[in-house]
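K.L.:
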Amino acid sequence: MNARIVLLPGDGIGPEVVAEAVRVLERIGARFGHHWTLSSHDIGGAALRRHLPPLPDDTLAAAKSADAILLGAVGDPSFDALPPSRRPESALLAIRRELGVFANLRPARAWPGLEEAGPLKPSVLAGTDLVVVRELTGGLYYGEPRGYDSAAGTAVNTLRYTRPEVERVARVAFELARKRRKRLASVDKVNVLEVSRLWRDIVTEIGRSYPDVTLTHELVDSCAMRLAFAPASFDVVLTENMFGDILSDEAGAVCGSLGLLPSASLGNGPGLFEPVHGSAPDIAGQSKANPIGAIASVGMLLSDGLGLHEEGASVTAAIERTLASGVRTADIAGAGRPAASTTQFTDAVIAAI
Ligand code: NAD
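Residue 841 in the working numbering sits at position 33 of the sequence shown, with consecutive numbering throughout.
1. Within its chain, find whatever has a CB closer than 6 Å to the CB of residue 948; leave out the 5 residues flanking it on each side and keep chain order.
2. Need the endpoints of the beta strand (DSSP E) that residue 844 sits in, please.
3. Can you tell me the Cα-Cα spacing of residue 887 and residue 855, whole angstroms?
4. From what residue to what residue does the alpha helix (DSSP H) around residue 973 run?
5. Considering only DSSP beta bridges, list what residue 915 is partnered with.
6. Since residue 1003 is in the alpha helix (DSSP H), which residue starts that stretch and which ends it?
7. Verify the contact flag: residue 1053, CB atom, against every heavy atom of ligand 1, threshold strictly below 7 Å.
8. Would you say residue 1067 touches ligand 1, meaning its beta carbon is less than 7 Å from a heavy atom?
9. Is the CB-CB distance between residue 877 and residue 980 below 8 Å?
10. What span of residues does the alpha helix (DSSP H) with residue 1051 cover, start to end?
11. What is the rounded straight-line gap between the Cα of residue 923 and the Cα of residue 1147?
12. When you compare only the Cα positions, how much space is there between residue 820 and residue 838?
13. Is there contact between the stretch 905-912 and the stretch 1025-1043, where contact requires at least three CB pairs shorter than 8 Å?
14. Per DSSP, what are the beta-bridge partners of residue 992 in this structure?
15. Using only the alpha-carbon positions, how far apart do residue 1110 and residue 1080 sit?
16. Note down, in chain order, each residue of its chain lying with its Cβ closer than 7 Å to the Cβ of residue 942, except the 5 sequence neighbours on either side.
17. Hey, how far is the Cα of residue 812 from the Cα of residue 868?
18. Tell me the residue span of the alpha helix (DSSP H) that contains residue 813.
Here is the structure:
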């Protein structure tokens, strides 16, 4: 295959983990006979430093014409005083909206050998392998009217969903559940929110076309508790934008370091693949970043973005073999244990492909 892949390294550890993920991508290309045309573009603080907007026009144009996009992270504390629309992070919301990537898939799993890395008892975490499917381009983060009137001491955001928005993300989640363990938990707050009534009605309706998938509905507060008490009881979790933002971080946290988590954002055009973590200014430039989130995002880019399932699976298997051989970055090594650098860990993954 020949594929055009746009790289958006961004800020902080973003460029470090994207560079490693690209080495893995090149290894897969060589091993399976694919050719990648890679081009790198500025986003976030990296664009602001060049006196460009957080999402420059040519970055967006390149992303729109790519087959898939790999993003590192955006966020730079030196721009924190800017108004929200000028801050690096505004590029994230803008690129998701512009690409129309309405379904955000965030897998969270207990990597074999890392059961001790998380905050839960290993016996509770064992067997955890779930995916949060979060609606990404609607709901509270985009609804109008919105605004903050500091003089009046009031602020407003709007939570609004339409039938097509719920239908399309529900279908993605049901299709995914069908390929996995065939269980789907749809999460809402139906006891308080009218929007949740719409959500639940539509998900129930779509579920009738997937009789092989067991659908349950769960309130967001109860789901948050169950994620901490019994994460292994979930398969696919479907929810709206803000609940998904919070629950997917919780699901990730129970599995250990933020650095372990990949994500895929899918729509009708090119998919956007990125580790879940931010720019981690506290460890940037020290080769301490865990590249697993970025490398596993390459795995999702291959499988979910380009339809190269065998290649995607071989990335996951290589991460597993690397962890099984005992190689660990500092965030998952445990106190006093030797830690591999970002590059050394990736060397081991590449050797395992
Ligand atoms: P963060 O994810 O950058 O870091 C949180 C903690 O996790 C830090 O201690 C960091 O060192 C650690 N961590 C993160 N990724 C790691 C990795 N790969 N390996 C090892 N340790 C890792 O979140 P934050 O500190 O709240 O935010 C920093 C900046 O990133 C902010 O500007 C924020 O707005 C931005 N941000 C961006 C994204 C994104 O690009 N998708 C997501 C979250 C935060």
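Positions of the beta carbon are idealized from the N, C-alpha and C atoms, including for glycine.
It should be emphasised that the depicted structure is a prediction, and the values quoted were computed from it without experimental measurement.
P.N.:
On the basis of the data shown:
1. In the sequence shown, counting from the first residue as 1, residue 948 sits at position 140. Answer for residue 948: 965, 967, 1050, listed in chain order.
2. In the sequence shown, counting from the first residue as 1, residue 844 sits at position 36. 843-848 is the span of the beta strand (DSSP E), which, as asked, contains residue 844.
3. As a position in the sequence shown, residue 887 is number 79, starting the count at 1. As a position in the sequence shown, residue 855 is number 47, starting the count at 1. Those two C-alpha atoms are separated by around 12 Å.
4. For the purposes of this step, residue 973 is taken as the residue at position 165 of the sequence shown. Residues 971-987.
5. For this step, residue 915 is matched to residue 107 along the sequence shown. 939.
6. Walking along the sequence shown from the start, residue 1003 turns up at place 195. That run of the alpha helix (DSSP H) goes 1002-1015.
7. If you number the sequence shown from 1, residue 1053 lands on position 245. No, the Cβ of residue 1053 stays beyond 7 Å of every heavy atom of ligand 1.
8. The count along the sequence shown starts at 1 and reaches residue 1067 at position 259. Yes, the Cβ of residue 1067 comes within 7 Å of a heavy atom of ligand 1.
9. The residue you call residue 877 lines up with position 69 of the sequence shown. The residue you call residue 980 lines up with position 172 of the sequence shown. No, they are not a contact pair.
10. Locating residue 1051 in the sequence shown gives position 243, counting from the first residue. Run containing residue 1051: 1049-1062, per the alpha helix (DSSP H) assignment.
11. Position 115 of the sequence shown, counted from the first residue, corresponds to residue 923. Position 339 of the sequence shown, counted from the first residue, corresponds to residue 1147. The straight-line gap from Cα to Cα measures roughly 17 Å.
12. To locate residue 820, count along the sequence shown from 1; it is residue 12. To locate residue 838, count along the sequence shown from 1; it is residue 30. Computed Cα separation, rounded: 29 Å.
13. no
14. Reading the sequence shown from its first residue, position 184 is the one you call residue 992. 1023, 1044.
15. In the sequence shown, residue 1110 corresponds to position 302, counting from 1. In the sequence shown, residue 1080 corresponds to position 272, counting from 1. One C-alpha to the other measures close to 12 Å.
16. Here residue 942 refers to the residue found at position 134 when the sequence shown is read from its first residue. Same-chain partners within the cutoff: 912, 914, 1047, 1049, 1052, 1053, 1056.
17. Within the sequence shown, residue 812 is the residue found at index 4, counting from 1. Within the sequence shown, residue 868 is the residue found at index 60, counting from 1. Roughly 14 Å separates the two Cα atoms.
18. Along the sequence shown, read from residue 1 onward, the residue named residue 813 stands at position 5. Careful: residue 813 lies outside any alpha helix (DSSP H), inside the beta strand (DSSP E) at 810-818.
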